[in-house]
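Worksheet: one structure, shown below.
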Amino acid sequence: MSGTEQTSAAVNAASGYAHPEVLVETSWVAEHLEDDSIRIIEADEDVLLYEIGHIPGAVKLDWHVDVQDRLSRDFVDQQEFERLMSRWGITNDTTIVLYGDKNNWYACYSFWLFSMYGHTKMKIMNGGRTKWEAEKRPQTKAVPQITPSTYHAQPADETLRAYREDVLAGLKNPGRRLVDVRSPQEYTGELIHMVNYPQEGAQRGGHIPGAKSIPWGTAANADGTFKSAEELRQIYGSKDVTPDAEVVTYCRIGERSAYTWFVLTRLLGYPRVRNYDGSWTEWGNLVRSPIEK
2 MSGTEQTSAA
12 VNAASGYAHP
22 EVLVETSWVA
32 EHLEDDSIRI
42 IEADEDVLLY
52 EIGHIPGAVK
62 LDWHVDVQDR
72 LSRDFVDQQE
82 FERLMSRWGI
92 TNDTTIVLYG
102 DKNNWYACYS
112 FWLFSMYGHT
122 KMKIMNGGRT
132 KWEAEKRPQT
142 KAVPQITPST
152 YHAQPADETL
162 RAYREDVLAG
172 LKNPGRRLVD
182 VRSPQEYTGE
192 LIHMVNYPQE
202 GAQRGGHIPG
212 AKSIPWGTAA
222 NADGTFKSAE
232 ELRQIYGSKD
242 VTPDAEVVTY
252 CRIGERSAYT
262 WFVLTRLLGY
272 PRVRNYDGSW
282 TEWGNLVRSP
292 IEK
């Protein structure tokens with residue numbers, strides 16, 4: 002293990018995370034830019050950022066194109082996922098390092114999706130694109146030339162995903178905790194869409210009955226890195242979202258809630274957490290769905 006790798010591991014371990022190995026620092030990534038066993042993937046909310054400049058060797062994941070089913074509101078199936086990984090030269094032994102803008106919001110969404118198809122060798126670059134830029138580390142506009150690989154995905158692990166029937170059935174379960182990670186204005190129904198995204202709203206505002214309001218961004222420091230385990234346990238524990246409970250996270254379409262899923266499962270080690278990716282655009286449009294404000 003290199004000195005930089007040892008330092009990175011020590012920093013994350015000292016933070017008390019349940020799985021410190023899922024995080025690497027920008028210094029570790031900079032040291033491994035020429036490592037053929039690693040594939041760096043940039044997954045941004047702003048899909049134009051990659052063309053402005055990205056980490057050398059990184060490939061672009063466009064969530065609007067690469068991982069969405071072409072017809073139904075769903076993700077690509079197992080075979081399409083395999084084709085995507087193969088196009089990027091990723092094998093089952095490749096270590097994937099994900100990073101992106103806005104506190105690694107879509108990077109964690111990607112981590113969740115890739116986990117469903119069984120890829121285990123994955124890491125998030127702590128601080129994401131913002132931290133890499135702030136440290137003035139190298140960027141390029143060059144798109145890497147990659148030799149396609151052979152990749153074998155597992156069938157989708159449905160235990161990581163919640164559907165509306167699961168959420169509805171769980172409303173009477175006292176051991177279930179629903180976590181609404183949207184903004185307070187969305188939670189109360191003041192807004193029926195995410196701030197500055199009026200085209201992505203729902204017919205009704207409010208929240209799923211019994212849901213706890215814990216905005217996703219509260220888990221991040223000002224520089225985009227994750228807060229320590231002690232701070233995170235206080236954030237969720239103060240709302241009675243504890244490791245012994247079954248937890249379902251949701252937001253608008255499942256991307257912000259995937260970030261919270263990552264925090265709860267990988268950083269805090271909660272054993273039973275699912276992401277309801279149908280989220281409010283589904284629930285807020287369902288006929289007779291129960292809603293609180």
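My numbering applies: residue 2 is where the sequence shown begins, and numbers increase by one. Each residue gets a CB set at the ideal place from its N, CA and C atoms; glycine is no exception.
- Taking Arg-253 as reference, the option from Glu-159, Ser-239, Tyr-110 with the minimal CA-CA separation is Tyr-110.
- Scanning its chain for C-beta atoms nearer than 8 Å, with the 5 sequence neighbours on each side dropped, one finds around Thr-27 the residues Met-126, Asn-127, Gly-128, Lys-132, Trp-133, Glu-136, Arg-138, in chain order.
- Pairing Val-180 with Ile-209 gives a Cβ-Cβ distance that is not under 8 Å.
- For the pair of segments examined, the segment 99-109 was found not to touch the segment 69-86: the number of CB pairs separated by less than 8 Å stays below three.
- Per the coordinates, the alpha-carbon of Tyr-260 lies some 21 Å from the alpha-carbon of Ala-203.
- For Ile-56, the closest of Leu-99, Glu-232, Tyr-188 by C-alpha to C-alpha distance is Leu-99.
- In terms of Cβ geometry, Val-23 and Met-123 form a close pair [threshold 8 Å].
- Selection Asp-94, Arg-130, Gly-176 evaluated against Arg-40 yields Asp-94 as nearest (Cα-Cα).
- The alpha carbon of Arg-205 has as its nearest neighbour, out of Ser-239, Ile-193, Pro-185, Lys-213, the alpha carbon of Ile-193.
- Classified as exposed, Ile-53 has fewer than 16 neighbouring CB atoms from the shown chains inside 10 Å of its CB.
- CA-to-CA, the gap between Gln-146 and Pro-244 works out to about 44 Å.
- In the DSSP assignment, Val-248 falls within the beta strand (DSSP E) that extends over 247-251.
- Separation of Gln-69 and Thr-189 (C-alpha to C-alpha, rounded to the nearest whole angstrom) is 30 Å.
- Your pair Gly-207 and Ile-91 does not check out as a contact, with CB atoms roughly 41 Å apart and the cut at 8 Å.
- Nearest Cα to Tyr-18 within the set Glu-283, Asn-286, Gly-270: Gly-270.
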